[in-house]
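What follows is a single structure, written as structure tokens, with notes after it.
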């Protein structure tokens, strides 16, 4: 058996590789439509921000020890460090892009000339405002940005139900592609909190945050706790809506792969909720007596579900959206080899991590796990073409799939990847410099 | 909405059929958000009070003692080791051994004796679980003035038997330092040494003062911690 190790460094590599590759492919694909360029840049930069944030988390892990329960960092240990400051600010930046993504994908909802500038300026201004708030309050209100997810959530839920209902009513299979991608976006944005749906419905997640606050010395702020509660509720209700929608659709039309994915996540959340109820004594121990550790089985369950979903499956999900919805130009020969490398690389990294995780609780000798990994490598190499082709050949953009729904395209010269890279690159540099400056000045952590 | 409508007019977010499920979904969201928010706010206040308050507690100790005695007659220049098995002590429920006091007394009295014999006593460090390096522990003593020798071994960390005030977030954590187990397990080992002193200028023709009766009194102090909140 091996010791359970953090997935954060793996997630950092996976997210950064995919993010940089996406931006690189977009820059080399002049034929891509302006809408797809915007969406590609948003997805690419979400992955870059997340990847950089995970790098900072890895630094905290290596330097100050492993993360506490639920990947939380101990504020008493790491508060005021450069890595902690940069990690939180980069996460904030990725949240802002995630919050705005539903207004541009699958459809460009605002569809005005100024919406691109709204996106760029919105991210810059909110980054500046939130950075100032967090630095001045020593991250006491961190997570308040979760309130920004509400408009996007309303858009995605409405769009999902609208397209599921219309698909079943009109028997229009084209519309399934829209409800699936909206569902995938909901999972990509709210995936982790979806696995806590039962706990949120039972309203016991607050006890877990109470434990974390006491255990990790977190500052108490109504805005921060409100933000956490909102995020958890959005995840829980998104899960319930997807479950209801997919159940109804399965009954009317038949089971689909996305339906299976939804049911699996629903069951995971159900089991996780029961597990949370079972460990409530441990959760309350910090408040009533002194903090007790969670049982090993509970931690393993969390590693395999919520944490794996965030760190390993979310990048794969974004990769699927990028390729299957033709956001990056998958048809060009120059891009195809890079896409192949990325797909195989990511699948291998994730497979080997899962094998390591399994090895952490099952007494599998190294020889057998090595052989299993070799089998996985063999399968991926042997079926590499089939896997990549199945992703690419069936791919079609939203515009090709449902032309009757798409709005007029903006001028092709309007959204150059270079502009996005300059603006979001500037945001990244701003975050890194201000983190360095403020931690160097000793303003934080006091 | 149907497919024969003009493309640009098709709504992306809502149709007549999806209006009800969307409204229900958003209503459920609002209800769950309200309920959980109320819970969160309640716990936020409780946690805030918990984290910010660090009340004072009065810590006092109930004590009980257990005594053991050994009377030994030592010859001149003899070193003798005495063993006291602490496992033979019956420790009341909830109590722990806090410290051990040893008093070594010789039969001679200063007023009576012309010249007192020299007596030395040492607590020998062994596998008895105690605070051997604590500065309060007095492990060696020697006397040639017919006075008792006092030795002390602190067994439980920081135990001095005195009441005090402490800061802790709750009763459990206030008592936490005083509920450790495993201290005072083993055998107390004491070395005695006698050096008979003959008065200067006197000759002891029949060699009568060649030994000494030494009494070793061992007092084991057991304690139970009590805590009360200072209002």
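Chains as they are written, first to last, in my numbering: chain A, 40 to 485; chain B, 2 to 232. For every residue, glycine included, the Cβ atom is placed at its ideal position computed from N, Cα and C.
Review point. So what does DSSP say about residue 74 of chain A, is it helix, strand or coil?
Key: Here residue 74 of chain A refers to the residue found at position 35 of the first chain. Helix at residue 74 of chain A.
Check your understanding: Among residues of its own chain, excluding the 5 on either side of residue 143 of chain A, which ones have a beta-carbon nearer than 8 Å to its beta-carbon?
Key -> The residue given as residue 143 of chain A occupies position 104 in the first chain. Hits under 8 Å: 74, 77, 78, 81, 154 and 158.
**Study point:** Enclosing alpha helix (DSSP H) for residue 175 of chain B [first to last residue]
**Key:** Translated into positions along the second chain, residue 175 of chain B becomes position 174. Looking at the DSSP string, the run of the alpha helix (DSSP H) that includes residue 175 of chain B is 172 to 176.
Check your understanding: Could you check where the alpha helix (DSSP H) with residue 86 of chain B kicks off and where it finishes?
Key -> Sequence index remark: in the second chain, residue 86 of chain B carries index 85 (1-based). Looking at the DSSP string, residue 86 of chain B is not in any alpha helix (DSSP H); the run it does join, the beta strand (DSSP E), is 80 to 86.
Review point. Taking just the CA atoms, how far does residue 19 of chain B sit from residue 55 of chain A?
Key: As a working note, residue 55 of chain A is residue 16 in the first chain. As a working note, residue 19 of chain B is residue 18 in the second chain. For residue 55 of chain A and residue 19 of chain B, the distance between alpha carbons rounds to 39 Å.
Check your understanding: Who are the Cβ neighbours of residue 231 of chain B in its own chain at under 8 Å, not counting the five residues just before and after it?
Key -> Taking the first residue of the second chain as position 1, residue 231 of chain B is located at position 230. Correct list, in chain order: 56, 57, 58, 59 and 166.
Practice item. In angstroms with no decimal places, state the Cα-to-Cα distance between residue 35 of chain B and residue 241 of chain A. Key: Counted from its first residue, the second chain places residue 35 of chain B at position 34. Counted from its first residue, the first chain places residue 241 of chain A at position 202. Their backbone Cα atoms lie some 13 Å apart in a straight line.
Practice item. Report, in whole angstroms, the separation of the C-beta atoms of residue 185 of chain B and residue 125 of chain B, which I expect to be a contact under 8 Å. Key: Counted from its first residue, the second chain places residue 185 of chain B at position 184. Counted from its first residue, the second chain places residue 125 of chain B at position 124. Their Cβ separation, rounded to whole angstroms, is 16 Å, which puts residue 185 of chain B and residue 125 of chain B out of contact at 8 Å.
Check your understanding: Would residue 474 of chain A be called buried (16 or more neighbouring beta carbons within 10 Å of its own) or exposed?
Key -> Within the first chain, the letter at position 435 stands for residue 474 of chain A. Residue 474 of chain A should be labelled buried.
Practice item. Please classify residue 216 of chain B: does DSSP put it in a helix, a strand, or coil? Key: As a first step, residue 216 of chain B is located in the second chain; it is residue number 215 there, counting from the start. In the structure shown, residue 216 of chain B sits in a strand (DSSP, three-state: E or B).
Check your understanding: Whole-angstrom Cβ separation of residue 254 of chain A and residue 326 of chain A, contact assumed at under 8 Å?
Key -> Start at 1 with the first residue of the first chain, and residue 254 of chain A comes out as number 215. Start at 1 with the first residue of the first chain, and residue 326 of chain A comes out as number 287. Their Cβ separation, rounded to whole angstroms, is 10 Å, which puts residue 254 of chain A and residue 326 of chain A out of contact at 8 Å.
Exercise for review: Between the Cα of residue 219 of chain A and those of A/132, A/282 and A/90, spot the shortest distance and give me the residue it belongs to.
Suggested key: Position 180 of the first chain, counted from the start, is the residue given in the question as residue 219 of chain A. When only C-alpha atoms are compared, the closest one is A/282.
Point to revise | Of the listed residues A/480, A/175, A/459 and A/470, nearest to residue 488 of chain A (C-alpha basis) | key: There is simply no residue 488 of chain A to check, as chain A begins at 40 and stops at 485 in what is shown.
Practice item. Name, please, each residue of chain B whose Cβ falls closer than 8 Å to the Cβ of residue 198 of chain A. Key: Mapped onto the first chain, residue 198 of chain A falls at position 159. Within chain B, the residues near residue 198 of chain A are 13 and 14.
Practice item. Could you name the residues of the same chain whose beta carbon sits closer than 6 Å to that of residue 148 of chain A, not counting the 5 residues immediately before and after it, in chain order? Key: What you label residue 148 of chain A is simply residue 109 of the first chain in a count that begins at 1. Annotation for residue 148 of chain A: 142 place their beta carbon closer than 6 Å to its own, counting only its chain and skipping 5 residues before and after.
Check your understanding: In or out: residue 334 of chain A buried (at least 16 other Cβ within 10 Å) or exposed?
Key -> Taking the first residue of the first chain as position 1, residue 334 of chain A is located at position 295. Exposed.
Exercise for review: Go ahead and pull the three-state DSSP assignment for residue 229 of chain A.
Suggested key: Indexing the first chain from 1 puts residue 229 of chain A at position 190. Residue 229 of chain A falls in the helix class under three-state DSSP.
**Study point:** Expected contact under 8 Å - CB spacing of residue 239 of chain A and residue 205 of chain A to nearest Å
**Key:** Along the first chain, read from residue 1 onward, the residue named residue 239 of chain A stands at position 200. Along the first chain, read from residue 1 onward, the residue named residue 205 of chain A stands at position 166. About 29 Å; that fails the 8 Å criterion.
Review point. Measuring CA to CA, which of A/382, A/465 and A/292 is closest to residue 87 of chain A?
Key: Within the first chain, the letter at position 48 stands for residue 87 of chain A. Comparing Cα-Cα distances from residue 87 of chain A to each of A/382, A/465 and A/292, the minimum goes to A/465.
Exercise for review: With distances taken Cα to Cα, identify the nearest neighbour of residue 190 of chain A among A/329, A/177, A/251 and A/228.
Suggested key: Counted from its first residue, the first chain places residue 190 of chain A at position 151. Out of A/329, A/177, A/251 and A/228, A/228 has the C-alpha closest to the C-alpha of residue 190 of chain A.
Review point. How many Å lie between residue 37 of chain B and residue 268 of chain A at the Cα?
Key: One-based indexing of the second chain puts residue 37 of chain B at position 36. One-based indexing of the first chain puts residue 268 of chain A at position 229. Going by the C-alpha atoms only, they are around 7 Å apart.
Review point. For residue 275 of chain A and chain E, any beta-carbon pair shorter than 8 Å?
Key: This model lacks chain E altogether; the protein chains it does include are A and B.
Check your understanding: So residue 64 of chain B is in the alpha helix (DSSP H); what residue range does that whole segment cover?
Key -> Numbered from 1 along the second chain, position 63 holds the residue referred to as residue 64 of chain B. Careful: residue 64 of chain B lies outside any alpha helix (DSSP H), inside the beta strand (DSSP E) at 57 to 76.
Point to revise | Residues from the stretch 113 to 147 of chain B in contact with chain A, defined by Cβ distance under 8 Å | key: Going along the stretch 113 to 147 of chain B in chain order, one finds no residue with a Cβ nearer than 8 Å to chain A.
Check your understanding: Are any of the Cβ atoms in chain B nearer than 8 Å to that of residue 261 of chain A?
Key -> On the first chain, position 222 is the one that residue 261 of chain A refers to. Output row for residue 261 of chain A: interface = yes.
Practice item. Could you say which of A/471, A/162, A/439 and A/119 lies nearest to residue 125 of chain A if we only look at CA atoms? Key: Start at 1 with the first residue of the first chain, and residue 125 of chain A comes out as number 86. Taking only the C-alpha atoms, the option nearest residue 125 of chain A is A/471.
Check your understanding: Can you tell me where the alpha helix (DSSP H) with residue 132 of chain A in it begins and where it stops?
Key -> In the first chain, the residue the question calls residue 132 of chain A occupies position 93. That run of the alpha helix (DSSP H) goes 121 to 139.
Exercise for review: Consider the Cβ of residue 33 of chain B: report whether some Cβ of chain A lies at a distance smaller than 8 Å.
Suggested key: Here residue 33 of chain B is taken as the residue at index 32 of the second chain, counted from 1. Yes - at least one Cβ of chain A is within 8 Å of the one on residue 33 of chain B.
Exercise for review: Go ahead and pull the three-state DSSP assignment for residue 193 of chain B.
Suggested key: Looking up residue 193 of chain B in the second chain gives position 192. Reduced to three states, the DSSP call for residue 193 of chain B is strand.
Review point. Going along the chain, which unbroken runs of the beta strand (DSSP E) with 3 or more residues stay wholly within the stretch 105 to 170 of chain B?
Key: Listed in chain order, the complete beta strand (DSSP E) runs (minimum 3 residues) inside the stretch 105 to 170 of chain B are 119 to 125, 141 to 144, 150 to 155 and 165 to 168.
Review point. From residue 392 of chain A to residue 129 of chain A, what does the alpha carbon distance come to, in whole angstroms?
Key: Translated into the one-based positions of the first chain, residue 392 of chain A becomes position 353. Translated into the one-based positions of the first chain, residue 129 of chain A becomes position 90. Looking at the two C-alpha atoms, the distance is approximately 25 Å.
Point to revise | Cβ of residue 8 of chain B within 8 Å of any chain A Cβ | key: Within the second chain, residue 8 of chain B is the residue found at index 7, counting from 1. Low confidence applies here, because residue 8 of chain B scores a pLDDT of 47, under 50, leaving its location unreliable; read the following figure in that light. Residue-level contact check: residue 8 of chain B touches chain A, since one or more beta carbons of chain A fall below 8 Å from its beta carbon.
Practice item. Using beta-carbon positions only, say whether residue 142 of chain B and residue 122 of chain B come within less than 8 Å of one another. Key: Residue numbering aside, residue 142 of chain B sits at position 141 when the second chain is read from its first letter. Residue numbering aside, residue 122 of chain B sits at position 121 when the second chain is read from its first letter. Yes, Cβ-Cβ distance for residue 142 of chain B and residue 122 of chain B is below 8 Å.
Review point. So is residue 326 of chain A in contact with chain B if we call contact Cβ pairs under 8 Å?
Key: The residue labelled residue 326 of chain A in the question sits at position 287 within the first chain. Any Cβ of chain B closer than 8 Å to the Cβ of residue 326 of chain A would place that residue at the interface, and such an atom is present.
Review point. Given a limit of 8 Å on CB to CB distance, which residues of the stretch 236 to 251 of chain A reach chain B?
Key: 239, 240, 242, 244, 245, 246, 248 and 249
Practice item. Measure the alpha-carbon distance for residue 264 of chain B versus residue 243 of chain A and round it to whole angstroms. Key: Since the first residue shown for chain B is 2 and the last is 232, residue 264 of chain B is missing from the structure and cannot be characterised.
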